[in-house]
Every structure is written in C-alpha cells, then in structure tokens.
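Numbering (my numbering), first residue to last: 16 to 105.
Here the structure is laid out as structure tokens; the discussion comes afterwards.
Structure representation (structure tokens):
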C-alpha cells in the first residue's frame with residue numbers, strides 16, 4: 016500500500032473552484048505531472064506526465080478549457096515557478 020500525500024494550497028481556506036483543482040507537480044529527475052482533484056477532494060483523475068514545466072502548465076490549461084469548461088483552478092506551486100525562472104526548484 017502507498018502513502019496518501021495531501022496537496023495543500025496556500026489559499027485552502029477559500030471555497031474550492033466549481034470545477035475542482037488541476038495540480039501540477041515536479042518529480043525527480045525533471046519530470047512533471049498534472050492531476051485533477053474534484054471540488055470535493057474525494058476523487059482524482061486526468062493524470063499525465065510531461066518532460067517540461069511549460070508543457071505541463073499548457074496541458075493543465077487545455078484540460079481546464081476543453082474538459083472542465085474553464086471552471087477549475089490551475090495550481091502551480093512556487094517550486095515549479097522557481098524552476099522555470101532558472102532556480103533549482105527541488
């Protein structure tokens with residue numbers, strides 16, 4: 016069995032977006048994933064992997080636009096933004 020990993024947003028006290036949240040995270044080595052968390056937090060889906068942060072972010076926004084009617088929040092962690100700006104990130 017695996018461990019449950021909670022992805023806590025800094026704005027977690029706010030009401031979740033109507034379409035849930037698309038999370039983007041970075042693995043090691045430089046491996047990026049997206050996954051959609053339902054509004055209730057009880058289900059996940061739409062998992063995909065990418066070779067770059069830019070590709071993952073683009074895919075997250077396309078997923079939101081094409082499958083979730085633009086109603087989801089796209090959450091990009093600070094570590095990924097730092098990575099894209101030339102920082103180490105992880």
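Just so you know, even glycine gets a beta-carbon here, dropped at the ideal spot from N, CA and C.
Remember, predicted model here, so these are calculated numbers, not experimental data.
query = If you draw a straight line from the C-alpha of residue 50 to the C-alpha of residue 56, how long is it?
reply = Indexing the chain shown from 1 puts residue 50 at position 35. Indexing the chain shown from 1 puts residue 56 at position 41. Distance from the CA of residue 50 to the CA of residue 56, rounded to the nearest whole angstrom, comes to 12 Å.
ask   = Can you give, in chain order, each stretch of the alpha helix (DSSP H) that sits fully within the region 19 to 88 and has at least 4 residues?
value = Those alpha helix (DSSP H) runs which fall completely within the region 19 to 88 and span 4+ residues are 68 to 82.
Nearest candidate by alpha-carbon position, reference residue 36, set 95, 94, 97, 89 = Stepping through the chain shown from its first residue, residue 36 is reached at position 21. For the set 95, 94, 97, 89, the Cα lying nearest the Cα of residue 36 is the one of 89.
ask   = Using the C-alpha atoms, what's the distance from residue 76 back to residue 54?
value = Against the chain shown, residue 54 aligns to sequence position 39. Against the chain shown, residue 76 aligns to sequence position 61. C-alpha separation (whole angstroms): 17 Å.
task = Name the two residues that bound the continuous alpha helix (DSSP H) containing residue 94.
result = Counting from one through the chain shown, the residue named residue 94 turns up at place 79. In the DSSP annotation of this structure, the continuous segment of the alpha helix (DSSP H) that includes residue 94 starts and ends at 93 to 99.
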